[in-house]
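Residue numbers (my numbering), protein chains in the order written: chain A, 1 to 332; chain B, 1001 to 1254.
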């Protein structure tokens, strides 16, 4: 078991190195797309902490991306803040603002479970969208806010390759932090809550508190994703916080495989690639995306990351009926 | 408190505990006392309120009236996890394990439940060797070592029932509440279960709900009969066996 874990880590590390080496040598369109996917996949991974590890399907995760993104845009355009070294402060603010919002929303949402949790997070997410859409003086309403340029501090982030490396760095650190988190005692307690919350309470866990902390952490990572997203896209608009963005994040996590972190990243890359490439080829690209979602949920409920496991099971069932037999005659 | 002077503080005390769901009085005015090392069974026909009583004791439901005292402390309004921290553990009639986690992970979670390091998020759980040692020790005692990496959902029903108790013991409780540990077991497995229970630390107080009378008579020194939420009769196994009232509700007219 430990060995397979090591192999998985090696594969992910190799994939990261490959991205860091190959992408800068491609054309600017690909660099931009990958940067976008990396920024967004931080949000998807944060959602996976809730969905895959804690068993909380949040439909309002875009709100935290929105807070991070709007904070970045408003600070940059109204106060000329965050375009130099203070970019690092904006990162901190983005995380803190979003975590603070999650701390408030969590008080309302965490009491509910299942579909009620989903409905409450949806409603709260829509409140943020409503503010972004209506608060013209602050958010620019429907038009959103255009960022005039990316930060410059020693290095110039206006250069797409440099900026790619910065986003890649944040992505890699986020992945590492979240990986440690889900394997830590706290992260394991989240899995226990997903599996059987009542048992966790009886074992002495204050499950509400654990879920609340996880919700705030996920919000914080969402904020980081938002800051990066604002500078990646160069524009922040209500479209970033609208329900569809939350749904997208949820579907990306499910497509790749919830409860795997990396699955969400794969899902993000696939959806963004499909969307960008297909939309230039055919006008009915959304049907393709829809079909991908439907087929995944029907035939691969554990997502793309579940495929190796599936193949292994099938091979066992066909080749040596070793496993099922052992189960049938397990000593009781 | 007087009893405290004699070192005789009851582990668990219920005072007039009641619970109604709308018009249904599931538990009515139950009063009982459990001392360290007591082995007490609660029996009664289906629907007598036994599991509801457990849910009141462990804080899963709020009680309608009455008090629950753990070591003399009134815990009536406390949530479950704080009661567990006082030294209480329970198992469930319907198996409540973590089905998609391995046997070892189940036990690790159970051990971590009462440690403050359960909030640590910057260090792998696998780096806590002391917790692993304890888990291995518990699994060895229950003869589970060879299956420690099996996901719990692949265990047999009998094994899952045993693991329920292992999880209960992981927090080193002073009192263990067992909700039908032998439910769904074959007679051979029930005997094994009774033997397993009798081997537990004699200082551990046990409150047991059980339908399997062989297990009850083997394990319990004292039995209370619950009927329509009320304690009908309490006494030694022999007294209960010979009680006309008890025979009536089990074999009797309705």
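Positions of the beta carbon are idealized from the N, C-alpha and C atoms, including for glycine.
Backbone CA spacing between residue i and residue j [nearest angstrom]
i: residue 154 of chain A; j: residue 98 of chain A; result: 28 Å
i: residue 1095 of chain B; j: residue 248 of chain A; result: 37 Å
i: residue 1171 of chain B; j: residue 318 of chain A; result: 43 Å
i: residue 101 of chain A; j: residue 219 of chain A; result: 8 Å
i: residue 1074 of chain B; j: residue 1082 of chain B; result: 12 Å
i: residue 322 of chain A; j: residue 1049 of chain B; result: A caution first: residue 322 of chain A carries a pLDDT of 48, below 50, which makes its placement in the model unreliable, though a value can still be read off. Straight-line Cα distance between these residues: approximately 45 Å.
i: residue 1071 of chain B; j: residue 1125 of chain B; result: 32 Å
i: residue 1234 of chain B; j: residue 250 of chain A; result: 56 Å
i: residue 1148 of chain B; j: residue 69 of chain A; result: 46 Å
i: residue 33 of chain A; j: residue 231 of chain A; result: 13 Å
i: residue 15 of chain A; j: residue 177 of chain A; result: 18 Å
i: residue 1111 of chain B; j: residue 1249 of chain B; result: 41 Å
i: residue 332 of chain A; j: residue 1157 of chain B; result: Note on residue 332 of chain A: pLDDT 39, under 50, position unreliable in the model; no value is reported.
i: residue 325 of chain A; j: residue 1084 of chain B; result: Note that residue 325 of chain A has pLDDT 43, beneath the 50 cutoff, so the model's placement of it is unreliable and no number is given.
i: residue 145 of chain A; j: residue 128 of chain A; result: 16 Å
i: residue 163 of chain A; j: residue 149 of chain A; result: 12 Å
i: residue 8 of chain A; j: residue 182 of chain A; result: 15 Å
i: residue 285 of chain A; j: residue 277 of chain A; result: 9 Å
i: residue 1241 of chain B; j: residue 1169 of chain B; result: 30 Å
i: residue 1061 of chain B; j: residue 293 of chain A; result: 41 Å
i: residue 1027 of chain B; j: residue 89 of chain A; result: 59 Å
i: residue 210 of chain A; j: residue 224 of chain A; result: 22 Å
i: residue 965 of chain B; j: residue 103 of chain A; result: With chain B running from 1001 to 1254 in the structure shown, residue 965 of chain B is simply not present.
i: residue 1185 of chain B; j: residue 1236 of chain B; result: 25 Å
i: residue 330 of chain A; j: residue 1159 of chain B; result: In this prediction, residue 330 of chain A scores a pLDDT of 42, lower than 50, which makes its location untrustworthy; the coordinate-derived value is nonetheless stated afterwards. So the two alpha carbons sit approximately 10 Å from each other.
i: residue 62 of chain A; j: residue 6 of chain A; result: 33 Å
i: residue 187 of chain A; j: residue 1153 of chain B; result: 21 Å
i: residue 1131 of chain B; j: residue 1108 of chain B; result: 7 Å
i: residue 1002 of chain B; j: residue 1033 of chain B; result: Since pLDDT at residue 1002 of chain B reaches only 42, below the 50 mark, its modelled position is unreliable, and the value read off the structure follows with that caveat. Taking the straight line joining both Cα atoms gives about 15 Å.
i: residue 1006 of chain B; j: residue 1064 of chain B; result: Note that residue 1006 of chain B scores a pLDDT of 47, beneath 50, so its modelled location is shaky; the value from the coordinates is reported in the next line. When rounded, the distance between both Cα atoms is 32 Å.
i: residue 133 of chain A; j: residue 67 of chain A; result: 13 Å
i: residue 1004 of chain B; j: residue 1077 of chain B; result: Unreliable placement is indicated for residue 1004 of chain B, whose pLDDT of 45 sits below 50; the coordinate value is still reported in the next sentence. Their backbone Cα atoms lie some 23 Å apart in a straight line.
i: residue 1025 of chain B; j: residue 1228 of chain B; result: 8 Å
i: residue 1206 of chain B; j: residue 1035 of chain B; result: 9 Å
i: residue 203 of chain A; j: residue 233 of chain A; result: 47 Å
i: residue 166 of chain A; j: residue 157 of chain A; result: 8 Å
Residues bridged to residue i (per DSSP)
i: residue 1230 of chain B; result: B/1227
i: residue 153 of chain A; result: A/155
i: residue 1021 of chain B; result: B/1024
i: residue 1207 of chain B; result: B/1040, B/1177
i: residue 1060 of chain B; result: None; residue 1060 of chain B has no bridge partner.
i: residue 1015 of chain B; result: B/1067
i: residue 146 of chain A; result: A/235
i: residue 1151 of chain B; result: B/1102
i: residue 1030 of chain B; result: B/1017
CB of residue i within 9 Å of CB of residue j, strictly
i: residue 200 of chain A; j: residue 260 of chain A; result: no
i: residue 72 of chain A; j: residue 82 of chain A; result: yes
i: residue 1012 of chain B; j: residue 1069 of chain B; result: yes
i: residue 184 of chain A; j: residue 1121 of chain B; result: yes
i: residue 243 of chain A; j: residue 59 of chain A; result: yes
i: residue 1220 of chain B; j: residue 1039 of chain B; result: yes
i: residue 57 of chain A; j: residue 268 of chain A; result: no
i: residue 205 of chain A; j: residue 1118 of chain B; result: yes
i: residue 222 of chain A; j: residue 64 of chain A; result: yes
i: residue 274 of chain A; j: residue 288 of chain A; result: yes
i: residue 272 of chain A; j: residue 40 of chain A; result: yes
i: residue 1043 of chain B; j: residue 1164 of chain B; result: no
Candidates the options, of which the one nearest residue i by Cα
i: residue 1216 of chain B; options: B/1029, B/1233, B/1193, B/1068; result: B/1193
i: residue 1029 of chain B; options: B/1016, B/1142, B/1114; result: B/1016
i: residue 307 of chain A; options: A/188, A/258, A/230, A/103; result: A/258
i: residue 266 of chain A; options: A/4, A/7, A/17, A/45; result: A/45
i: residue 226 of chain A; options: A/17, A/95, A/152, A/18; result: A/95
i: residue 139 of chain A; options: A/235, A/103, A/272, A/281; result: A/235
i: residue 1140 of chain B; options: B/1166, B/1123, B/1129, B/1128; result: B/1166
i: residue 301 of chain A; options: A/274, A/255, A/290, A/313; result: A/255
i: residue 1189 of chain B; options: B/1214, B/1208, B/1202; result: B/1214
i: residue 75 of chain A; options: A/61, A/92, A/62, A/63; result: A/92
i: residue 361 of chain A; options: A/188, A/114, A/240; result: With chain A represented from 1 up to 332, any question about residue 361 of chain A goes unanswered, as that position is not in the structure.
i: residue 1019 of chain B; options: B/1105, B/1043, B/1066, B/1031; result: B/1066
i: residue 270 of chain A; options: A/280, A/252, A/107; result: A/252
i: residue 1123 of chain B; options: A/24, A/303, A/180, A/198; result: A/180
Q.
Does the stretch 46–56 of chain A come into contact with the stretch 207–223 of chain A, if we say contact requires no fewer than three beta-carbon pairs (one atom in each stretch) closer than 8 Å?
A. They touch, by the three-pair rule.
Q. Should the stretch 1167–1182 of chain B be regarded as contacting the stretch 1191–1208 of chain B, the criterion being three or more beta carbon pairs within less than 8 Å?
A. In the pairwise beta carbon analysis, the stretch 1167–1182 of chain B is classified as touching the stretch 1191–1208 of chain B: at least three pairs are separated by under 8 Å.
Q | Segment contact flag, the stretch 1100–1119 of chain B with the stretch 189–199 of chain A, C-beta cutoff 8 Å, min 3 pairs | A | Cβ pair count under 8 Å is three or more, so yes.
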